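A.B. asks: Have a look at the structure that comes next, please.
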Amino acid sequence: IVHPYLTYDNMLVWRSYRALAKLYPDTYASLAAKAEEVKAAIYQHCVFHDENGKPYFGWSVDLKGEHNIYDEPPGSLQLLPYYGFCPDTDEIWRNTVSIIRSPAYEYSFAEYPIAEIGCAHAPWPWILSLGNSLLSGHAEQAFRELEILVMDNGIACESVDPVTGESRTGDAFATCAGFLCHGMRYANELAKKNA
56 IVHPYLTYDN MLVWRSYRAL AKLYPDTYAS LAAKAEEVKA AIYQHCVFHD ENGKPYFGWS
116 VDLKGEHNIY DEPPGSLQLL PYYGFCPDTD EIWRNTVSII RSPAYEYSFA EYPIAEIGCA
176 HAPWPWILSL GNSLLSGHAE QAFRELEILV MDNGIACESV DPVTGESRTG DAFATCAGFL
236 CHGMRYANEL AKKNA
């Protein structure tokens, strides 16, 4: 975290407020309005422009105009449409994904067989990133990658070598396995629905 306010975390606050308002309207109906305030604040304080004027979401911001470009596989900006925060046609989101999936991004492995995202904690392609791809419109690529992944002897792990697909960090990562299965099921159901 470079700056104190995270776009992804604030999106989770938005999502939580909406869920509470919907699940418990007698107690938390007022949180629906708070959710919209949080969403407006994200668009006001977390959107920046590149040298060509294209808007994108910063990873962390300081509310004074400073931000950084970054992404974390365990909480990726790629998931904003999946959580319903914005449509997958949102220009700001699309530009954000383009930046973090670009070969120019420090933790992108876009030009490798396992073309996923890493992060400072483990600078290799993450299996959680592959799960994010399944949930965010990159399912075809993710399924191709699954065919060549070795992981931890076929068991989901934290990160893999970008060429061989062999485990680099976090062997036997059970919660990652669950997330990966969810992503695979979601992508398959979406493909059937759109067929």
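Take the sequence shown: its letters are residues 56 to 250, numbered as in the numbering used here. For each residue, glycine too, the CB sits at the ideal point set by N, CA and C. Just so you know, these numbers come straight off a predicted model, no measurement behind them.
#1: What residues in its chain sit with their C-beta under 7 Å from that of P142, if we drop five residues either side in the sequence?
#2: Let me see if you follow: with CB-CB separation under 8 Å, is G238 close to chain C or not?
#3: Suppose you measure from the CA of L185 to the CA of E171; what does that come to, to the nearest Å?
#4: Verify whether the separation of the beta carbon atoms of S131 and L61 is less than 8 Å.
#5: With a threshold of 7 Å on Cβ separation, who are the neighbours of T151 within its own chain once the five nearest residues in sequence on each side are excluded?
#6: What is the DSSP secondary structure of L204, reduced to helix, strand or coil?
#7: Report yes if the C-beta distance between C174 and P128 is below 8 Å; otherwise report no.
#8: Distance, Cα to Cα, I12 vs I155?
#9: By how many angstroms is the C-alpha of A88 removed from the C-alpha of Q196?
#10: How many whole angstroms separate the CB atoms of I169 and G220, which I take to be in contact at a CB cut-off of 8 Å?
#11: Does R223 come out as helix, strand or coil in the three-state DSSP assignment?
#12: Could you give the C-beta distance for P180 and V205, rounded to a whole number, given that I count them as a contact under 8 Å?
#13: Provide the residue span of the alpha helix (DSSP H) that contains P80, from first to last.
#14: Tell me the residue span of the beta strand (DSSP E) that contains Y111.
#15: So what does DSSP say about H237, is it helix, strand or coil?
#16: Name the residue from D207, P59 and P158 whose alpha carbon lies nearest to the alpha carbon of T224.
#17: Relative to the C-alpha of N65, which candidate in D126, W148, C101 and F228 has its C-alpha closest?
#18: Got a sec, what are the start and stop residues for the alpha helix (DSSP H) V152 sits in?
#19: Quick check on this structure: which residue in P178, D145, F228 and R149 has the alpha carbon closest to the alpha carbon of E161?
#20: Can you check which of these residues, A95, E244 and E202, is closest to F140 by C-alpha distance?
#21: Tell whether a beta-carbon distance below 8 Å holds between L189 and M239.
C.D. replies: Let's see:
#1: The residues are P136.
#2: Of the chains in the structure shown, none is chain C; there is only one protein chain.
#3: Whole-angstrom Cα-Cα distance: 6 Å.
#4: With respect to the 8 Å criterion, S131 and L61 are not classified as neighbours on the basis of their beta carbons.
#5: Taken in chain order, the residues that qualify are Y111, F112 and L132.
#6: coil
#7: yes
#8: Outside the modelled stretch of the chain, which goes from 56 to 250, sits residue 12, for which no answer is possible.
#9: 38 Å
#10: 6 Å
#11: strand
#12: Incorrect: roughly 12 Å between the Cβ atoms, too far for contact.
#13: P80 to Y83
#14: P110 to F112
#15: helix
#16: D207
#17: C101
#18: E146 to I155
#19: P178
#20: A95
#21: yes
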